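**Q**
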Amino acid sequence: SITDGGTSGGRSGALSPAPVTEELQKIDVNPPKGTRDFPPEDMRLRNWLFNNFREVSRMYGFEEVDYPVLESEALFIRKAGEEIRDQLYCFEDRGNRRVALRPELTPSLARLVIQKGKSLSLPLKWFAIGQCWRYERMTRGRRREHYQWNMDILGVSEVTAEAELLSSIVTFLKRVGITASDVGFKVSSRKVLQDVLKCYGIPENMFGKVCIIIDKIEKIPLDEMKKELKVVGVSEDAIEELLQVLSIKSLSKLEEVLGGGGEALSDLKQLFSLAEKFGYSDWIQFDASIVRGLAYYTGIVFEGFDRGGKLRAICGGGRYDHLLSTFGGEDIPACGFGFGDAVIVELLKEKKLLPELNAEVENIVCALDPDLQGAASTVATILRDKGQTVDLVLENKPLKWVFKRATRINARRLILVGTSEWQRGMVGVKDLSSGEQCEVKLEELN
Ligand SMILES: Nc1ccc(Br)nc1
Numbered sequence: 013s014i015t016d017g018g019t020s021g022g023r024s025g026a027l028s029p030a031p032v033t034e035e036l037q038k039i040d041v042n043p044p045k046g047t048r049d050f051p052p053e054d055m056r057l058r059n060w061l062f063n064n065f066r067e068v069s070r071m072y073g074f075e076e077v078d079y080p081v082l083e084s085e086a087l088f089i090r091k092a093g094e095e096i097r098d099q100l101y102c103f104e105d106r107g108n109r110r111v112a113l114r115p116e117l118t119p120s121l122a123r124l125v126i127q128k129g130k131s132l133s134l135p136l137k138w139f140a141i142g143q144c145w146r147y148e149r150m151t152r153g154r155r156r157e158h159y160q161w162n163m164d165i166l167g168v169s170e171v172t173a174e175a176e177l178l179s180s181i182v183t184f185l186k187r188v189g190i191t192a193s194d195v196g197f198k199v200s201s202r203k204v205l206q207d208v209l210k211c212y213g214i215p216e217n218m219f220g221k222v223c224i225i226i227d228k229i230e231k232i233p234l235d236e237m238k239k240e241l242k243v244v245g246v247s248e249d250a251i252e253e254l255l256q257v258l259s260i261k262s263l264s265k266l267e268e269v270l271g272g273g274g275e276a277l278s279d280l281k282q283l284f285s286l287a288e289k290f291g292y293s294d295w296i297q298f299d300a301s302i303v304r305g306l307a308y309y310t311g312i313v314f315e316g317f318d319r320g321g322k323l324r325a326i327c328g329g330g331r332y333d334h335l336l337s338t339f340g341g342e343d344i345p346a347c348g349f350g351f352g353d354a355v356i357v358e359l360l361k362e363k364k365l366l367p368e369l370n371a372e373v374e375n376i377v378c379a380l381d382p383d384l385q386g387a388a389s390t391v392a393t394i395l396r397d398k399g400q401t402v403d404l405v406l407e408n409k410p411l412k413w414v415f416k417r418a419t420r421i422n423a424r425r426l427i428l429v430g431t432s433e434w435q436r437g438m439v440g441v442k443d444l445s446s447g448e449q450c451e452v453k454l455e456e457l458n
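The working numbering numbers the first residue of the sequence shown as 13 and each following residue consecutively.
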């Protein structure tokens, strides 16, 4: 049985009985609800995914950053009725501070940029891969943590930044075998909504709230959405106009409705033109209904979706030019995206694109006699000093056991340290794929 061993002090190991002072109890060995362990085979897939995130980020000239998973709760308290706020994993720590497990990375980025202030030279191109949390009633049995890849550009007000970010996501998707037939991006601009709301005299400070309600357009009944909009002061006429505009799926139609002079249309036209130059036009489409569920977006917004319509959004992002000033900092134009580690894996599974990732090690080194364990340690060190990977057998085991382990860890070579060979300065080397076996002088082992 497993004891906590903690309060009674001392170690309860295999040789000494568990402390009898503690009630022996079996703990639940599963991870907390909504969280995951990453045993080796899952960790190999996670590392493969994150390495692709990192390689694309570096290819685009982005620098890696990270922040504490625990932040002040105040960083995430926005009054716009976002789901992310409703599901905040927050608590009071032993210092009576209100803290939260971060639900997203962007507010931490804003905090760090403000903290660094003038010492930072713009534009900033930062990326992070961080675990994010939400506390959701397990009734829905959904996960409470996921890892999010974020890329953000700060200091560029031009739509060239959003175009670059979309290019980086397309590059990542192509690297893992996803095509424009599998995934698309719905692109819009919150300035479309802003134009409509302005016409109806809706004050700027209502903008975030209205967007959050509209983001639920596919999640709640239309009447419910209309009711919520009315509650926050949007007139019936304005609601009807909003719904009309939200159904627009082409820039030409948008121009007809909004007229040609607004920023929304010029931003979107520039983005689609740049997409042509980047070569990812097939991946994107205008869809005015896309608003995204974060209150701080102010311009272009986008989300990646699977064209099969089975999965939740793959990624999402947009421009957030005023986030820093909400934290008391000087505003810096900014845009970025978040890309979760779960939906993409579901998509790769469905498309049979998951890579075969086996354990692998170059050498397994074994002493054929307990007196040669030191010699085997020397051989392992020689190989490791040459940059080779070595699994050193640490106990006196029969050869049958060694061969079984060599197969399980997918070793390429078996190095045997035997008495007679060692006396002649040699070791046995067996190639485990060809079966070829020979003796090699220690100084020639490589
Ligand atoms: N924001 C957030 C955090 C954690 C999960 Br799982 N999903 C969304």
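Every residue, glycine too, gets a C-beta built ideally from N, C-alpha and C.
This structure is a prediction, so every number in the text was calculated from the model and none was measured.
Could you give the DSSP three-state label for arginine 156: helix, strand or coil?
**A** Here residue 156 refers to the residue found at position 144 of the sequence shown. In this structure, arginine 156 counts as coil in the three-state DSSP scheme.
**Q** In chain order, what are the residues with a CB under 5 Å from some non-hydrogen atom of ligand 1?
**A** Having a Cβ closer than 5 Å to some heavy atom of ligand 1 are Pro115, Cys144, Arg146, Arg155 and His158.
**Q** Of the choices Thr419, Gln385, Thr390 and Lys221, whose alpha-carbon is the least far from that of glutamate 372?
**A** The count along the sequence shown starts at 1 and reaches residue 372 at position 360. Of the candidates Thr419, Gln385, Thr390 and Lys221, the one whose C-alpha sits nearest the C-alpha of glutamate 372 is Thr419.
**Q** Is DSSP giving leucine 457 helix, strand or coil here?
**A** Locating residue 457 in the sequence shown gives position 445, where the first residue counts as 1. DSSP places leucine 457 in coil when its eight states are reduced to three.
**Q** Alpha carbon to alpha carbon, what distance is there between valine 377 and alanine 325?
**A** Residue numbering aside, residue 325 sits at position 313 when the sequence shown is read from its first letter. Residue numbering aside, residue 377 sits at position 365 when the sequence shown is read from its first letter. Each residue's CA atom was taken as its position, placing alanine 325 and valine 377 some 48 Å apart.
**Q** For glycine 386, does the three-state DSSP call read helix, strand or coil?
**A** By one-based count along the sequence shown, residue 386 stands at place 374. Three-state result, glycine 386: helix.
**Q** If you measure between the beta carbons of tryptophan 145 and tyrosine 79, is that distance less than 9 Å?
**A** In the sequence shown, counting from the first residue as 1, residue 145 sits at position 133. In the sequence shown, counting from the first residue as 1, residue 79 sits at position 67. Not in contact: tryptophan 145 and tyrosine 79 (Cβ atoms no closer than 9 Å).
**Q** When the Cα atoms are used, what is the spatial distance from glycine 189 to isoleucine 225?
**A** Taking the first residue of the sequence shown as position 1, residue 189 is located at position 177. Taking the first residue of the sequence shown as position 1, residue 225 is located at position 213. Between glycine 189 and isoleucine 225, the C-alpha separation is close to 35 Å.
**Q** If we count Cβ pairs, one from each stretch, closer than 8 Å, do we get three or more for the region 168–186 versus the region 312–321?
**A** yes
**Q** When DSSP labels each residue in this structure, what does serine 446 get in the three-state scheme?
**A** Working through the sequence shown from its first residue, we reach residue 446 at position 434. When DSSP states are grouped into helix, strand and coil, serine 446 belongs to the coil group.
**Q** Restricting to Cα atoms, I'd like to know which of Ser445, Asp49 and Asn59 is closest to proline 367.
**A** Counting from 1 along the sequence shown, the entry for residue 367 is found at position 355. Considering only alpha carbons, the answer is Asn59.
**Q** Along the alpha helix (DSSP H) that carries alanine 250, what are the first and last residues, could you check?
**A** The residue given as residue 250 occupies position 238 in the sequence shown. Start and end: 248–258.
**Q** So does the region 381–400 actually touch the region 207–224, counting three or more Cβ pairs closer than 8 Å?
**A** The region 381–400, when compared against the region 207–224, does not touch it at the 8 Å Cβ threshold.
**Q** Quick one: is glycine 73 buried, meaning 16 or more other Cβ sit within 10 Å of its Cβ, or exposed?
**A** Within the sequence shown, numbered from 1, the residue matching residue 73 stands at position 61. So glycine 73 ends up on the exposed side.
**Q** Check each candidate in Pro135, Lys238 and Lys231 and name the one with the smallest Cα separation from valine 222.
**A** Taking the first residue of the sequence shown as 1, we reach residue 222 at position 210. Cα-wise, what sits closest to valine 222 is Lys238.
**Q** Sorted by chain position, which residues of the same chain lie with C-beta nearer than 6 Å to leucine 258's C-beta, five sequence neighbours on each side aside?
**A** Position 246 of the sequence shown holds residue 258. The residues are Ala300 and Ser301.
**Q** Roughly how many angstroms separate the alpha carbons of aspartate 249 and valine 303, rounded to a whole number?
**A** Stepping through the sequence shown from its first residue, residue 249 is reached at position 237. Stepping through the sequence shown from its first residue, residue 303 is reached at position 291. Computed Cα separation, rounded: 20 Å.
**Q** Please name the residue in Cys450, Ala173, Asp194 and Asn408 whose C-alpha comes closest to that of isoleucine 427.
**A** In the sequence shown, residue 427 corresponds to position 415, counting from 1. Here the closest residue by C-alpha is Cys450.
**Q** Determine the contact status of valine 171 and leucine 134, defining contact as a CB-CB distance below 9 Å.
**A** Along the sequence shown, read from residue 1 onward, the residue named residue 171 stands at position 159. Along the sequence shown, read from residue 1 onward, the residue named residue 134 stands at position 122. Not in contact: valine 171 and leucine 134 (Cβ atoms no closer than 9 Å).
**Q** Once you ignore the five residues that flank threonine 47 on each side, which residues in its own chain have a CB closer than 7 Å to its CB?
**A** As a position in the sequence shown, residue 47 is number 35, starting the count at 1. Closer than 7 Å at the Cβ level, and outside the excluded window around threonine 47, lie Arg156 and Glu157.
**Q** Roughly how many whole angstroms lie between the Cα atoms of arginine 90 and alanine 122?
**A** Position 78 of the sequence shown, counted from the first residue, corresponds to residue 90. Position 110 of the sequence shown, counted from the first residue, corresponds to residue 122. Distance between the alpha carbons of arginine 90 and alanine 122 is about 14 Å.
**Q** Within the chosen definition, does the region 347–364 reach the region 158–166 through at least 3 CB pairs nearer than 8 Å?
**A** yes
**Q** Roughly how far, in whole angstroms, is the beta-carbon of valine 391 from the beta-carbon of valine 429, given that I think they are within contact range, below 8 Å?
**A** Taking the first residue of the sequence shown as position 1, residue 391 is located at position 379. Taking the first residue of the sequence shown as position 1, residue 429 is located at position 417. The distance from the Cβ of valine 391 to that of valine 429 is about 6 Å, consistent with a contact at the 8 Å cut-off.
**Q** What's the C-alpha gap between threonine 191 and cysteine 327?
**A** Within the sequence shown, numbered from 1, the residue matching residue 191 stands at position 179. Within the sequence shown, numbered from 1, the residue matching residue 327 stands at position 315. Taking the straight line joining both Cα atoms gives about 15 Å.
**Q** Taking buried to mean at least 16 other C-beta atoms within 10 Å of its own C-beta, is glutamate 236 buried or exposed?
**A** Residue mapping note: residue 236 aligns to position 224 of the sequence shown, counting from 1. Flag for glutamate 236 reads exposed.
**Q** DSSP beta-bridge partners for alanine 307?
**A** Position 295 of the sequence shown, counted from the first residue, corresponds to residue 307. Bridge partners of alanine 307: none, in fact.
**Q** How far does the alpha helix (DSSP H) with asparagine 64 in it reach, from first residue to last?
**A** Residue numbering aside, residue 64 sits at position 52 when the sequence shown is read from its first letter. It spans 52–71 - the alpha helix (DSSP H) in which asparagine 64 sits, taken as one unbroken run.
**Q** Could you please give me the residues that DSSP links to phenylalanine 284 through a beta bridge?
**A** Translated into positions along the sequence shown, residue 284 becomes position 272. Answer is none; phenylalanine 284 lacks a bridge partner.
**Q** From what residue to what residue does the beta strand (DSSP E) around lysine 198 run?
**A** On the sequence shown, position 186 is the one that residue 198 refers to. Looking at the DSSP string, the run of the beta strand (DSSP E) that includes lysine 198 is 195–201.
**Q** By Cβ distance, which residues of its chain are closer than 7 Å to lysine 10, with the 5 residues on each side in sequence left out?
**A** Lying outside 13 to 458, the shown extent of the chain, residue 10 is not represented and no answer is given.
**Q** Alpha carbon to alpha carbon, how far is glutamate 511 from asparagine 64?
**A** Given that the chain is displayed from residue 13 to residue 458, the structure contains no residue 511 and the question cannot be resolved.
**Q** Within a Cβ cutoff of 8 Å, which residues of the same chain sit near lysine 5, ignoring the five residues on either side of it in sequence?
**A** Nothing in the structure corresponds to residue 5, since the chain is present only between 13 and 458.
**Q** Using the three-state DSSP reduction, which class does arginine 123 fall into: helix, strand or coil?
**A** Stepping through the sequence shown from its first residue, residue 123 is reached at position 111. The answer is helix: DSSP assigns arginine 123 an H, G or I state.
**Q** Within the same chain, show all residues whose beta-carbon is closer than 6 Å to that of glycine 18, passing over the 5 residues directly before and after it, in chain order.
**A** By 1-based counting over the sequence shown, the position of residue 18 is 6. Per-residue confidence for glycine 18 stands at a pLDDT of 39, beneath the threshold of 50, marking its modelled position as unreliable; no derived number is given.
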